[in-house]
Amino acid sequence: MYLKFLRKLGLRVLMPRIWRLLLRRYKDTMAILFLLYVVYRIITFKGDPSKRTASLSGWGRETPRSIADYLDPAKDTALIVPREFCRSKAFLTIAVCSFVHHFERRRAIRMLWGNSTDFNYSSFVKLHGYPKGKYLDVLPERLKLYAKYLSGEGDSLKASIRIVFILGRRNWASLFENEAVASEAEKYNDIIQENFMDTYNNLTIKTVMAMKHISQSCMNSTAFYFKCDDDTFVNIPNVLHFLLGGTIPLNEVTVGYHYLNTYQVTSPRKRLTARRGVLYGRQYCNVPPITNKLNKWYMPSYMFRGSVYPPYLCGSGYVASIDVVPQLYKAALGTRIVHLEDLFVTGLSAEKAGVKRTNHPLFRSSYPFQVDELCALKGSFTAHRAKDYLMWDAWYQVTNYSSKCPPPGKDFQLNLRRRQTC
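If you're matching positions, the sequence shown starts at 1086 in this note's numbering and goes up one per residue.
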């Protein structure tokens, strides 16, 4: 009897533990199964043309998708063009895609990073100090090659820069807005406005329009072309240093942007030495089309049938040698429109034109919301989504010349990633 009682007591004590153990294992198993299901759905659902049947706003199935339906290469269709556009020489011509009502963003750019009188190559050393041996200086042969676009020398070197804002029109624009844009263009002489509906899904038309004007007017007066959005902060001194053959010093933040094959900024192989065929930006590889029709990057199957996009550069900022612009423009004229302008221009059109896209880790596609944003901004080429006060914040951070960024730690190479090949 006593032994029987002990057995029953033991079972009463053990059974709750057994049930808890089984329940825990059941939860773990279900979690693993759910994770596998999610992975399966991502693999099979994302990019599957059969899942991308919804129409896209402004680009229905029957909407013409030939660039020729919206742009006539032989005609001047612009509503506004700067006076004497591209008559003067500019080492770098920057096309900023903007919207009619973004008056404050354009004003901020003119005052801040677009003010090439105060924010030019001469600010490079102020940004980084003199970290001797930590980066490569500009190449003397490139200074000689582009001498007609440059003035001064040494720390006083300046490059000529041209900025032009690209606008469409708004059907619902008030009389005040239309008059304000005309007045703004008259005052600053830096606006190109074309006669098409200005929406996010029409950014492809806007970007191709910009390439049309650059190709027709700027080929003999510009060395490099830079395309960006009006919420992109551009670190002009860093960009100029790179285009003139130098490299950007690493700091404790920007080293995290690099890969095993890009961090060696003191290697001559990291210099830009090419004069032609240059197209640099933040490159995306093996990206599947978005299937969620509520997502602004949704891609209907009738616009793109494939399951993976070709490699392309982020549209928030990329730079090209001037010879590349007409190549992309010509290819675009023969490519059916895809509403994602970066995919269309630097992916589909570049692939058709045979133009190589090159990734550079200092083109950033987001704003560095972190405590060490100062060093992220000082050491990069671009920061995207710098809207409103963030554009001013970026400016104050970058031009805080008294604050210097510490170099990477001793073991930084252990944390570097291997970049996925396209």
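C-beta: ideal position from N, C-alpha, C; glycine also. All figures in this text were calculated on a predicted structure; none of them were measured in a lab.
Counting only runs of 4 or more residues that sit fully inside the segment 1422–1447, the alpha helix (DSSP H) segments are 1435–1438, in chain order. When the beta-carbon positions are compared, D1283 and A1471 stay at least 8 Å from each other.
In this structure, the CA atom of K1489 is about 50 Å from the CA atom of S1151. Annotated three-state conformation of N1280 is strand, per DSSP.
A direct Cα-Cα distance of roughly 16 Å separates K1378 from R1390. Around the beta carbon of N1280, fewer than 16 other beta carbons sit within 10 angstroms, so the residue counts as exposed. Contact between the segment 1201–1217 and the segment 1349–1356 is absent: fewer than 3 CB-CB pairs across the two stretches fall below 8 Å. From the listed residues C1460, L1433 and T1484, the smallest Cα separation to T1289 is found for L1433. In the DSSP secondary-structure assignment, D1314 is bridged to C1182.
For A1461, the uninterrupted alpha helix (DSSP H) segment begins and ends at E1458 to K1463. Setting aside the 5 residues that flank it on each side, Y1285 is surrounded in the same chain by K1381, each with a C-beta closer than 7 Å to its C-beta; the list follows chain order. Looking at the backbone, the Cα of F1309 and that of Q1301 are separated by about 15 Å. With fewer than 16 other CB atoms across the displayed protein chains lying within 10 angstroms of its CB, D1203 is exposed.
Checking the DSSP bridge columns, you'll see K1243 partnered with S1236.
Counted as a single uninterrupted DSSP element, the beta strand (DSSP E) harbouring R1367 occupies residues L1364 to Y1369. Short of 7 Å from the beta carbon of L1413, and not among the five residues preceding or following it, lie these beta carbons of its own chain, in chain order: M1296, V1430, S1434, A1435, A1438 and V1440. Per DSSP, L1329 lies in no beta strand (DSSP E) segment and is marked neither H nor E. Annotation for I1165: the continuous beta strand (DSSP E) segment containing it runs A1163 to I1165.
If you compare the alpha carbons of I1251, K1291, T1443 and F1318 with that of L1459, the shortest gap goes to F1318. Between R1360 and S1406, the C-beta gap is smaller than 8 Å, which places the two residues in contact. Judged by their CB atoms, L1462 and Y1342 are not nearer to each other than the 8 Å cut-off.
Across the set Y1220, S1306, F1250 and S1207, the C-alpha of S1306 shows the shortest separation from the C-alpha of Y1234. With a cutoff of 8 Å on beta-carbon distance, C1182 and K1291 are scored as near each other. Counting other Cβ atoms within 10 Å of its Cβ, F1184 reaches 16 or more and is therefore classed as buried.
Counted as a single uninterrupted DSSP element, the stretch harbouring S1406 is not any alpha helix (DSSP H) but the beta strand (DSSP E) occupying residues Y1397 to S1406. Straight-line spacing of the CA atoms in D1473 and F1209 works out to 25 Å. V1223 is not a Cβ neighbour of A1180, given a cutoff of 8 Å. G1464 is the residue among W1480, H1326 and G1464 whose C-alpha sits nearest the C-alpha of V1338. Counting along the chain, E1271 sits inside the alpha helix (DSSP H) bounded by residues L1260 to Y1273. By the beta-carbon neighbour count (other beta carbons within 10 angstroms, threshold 16), C1507 is exposed. For a cut-off of 8 Å, the C-beta gap from I1246 to A1193 is around 17 Å, too long to register as a contact. F1261 sits exposed, since fewer than 16 C-beta atoms from the chains shown fall within 10 Å of its C-beta. Look at L1252 here: in three-state DSSP terms it is strand.
Within the DSSP secondary-structure output, F1309 pairs in a beta bridge with L1177 and S1406. Secondary structure at T1467: strand, using DSSP grouped into helix, strand and coil.
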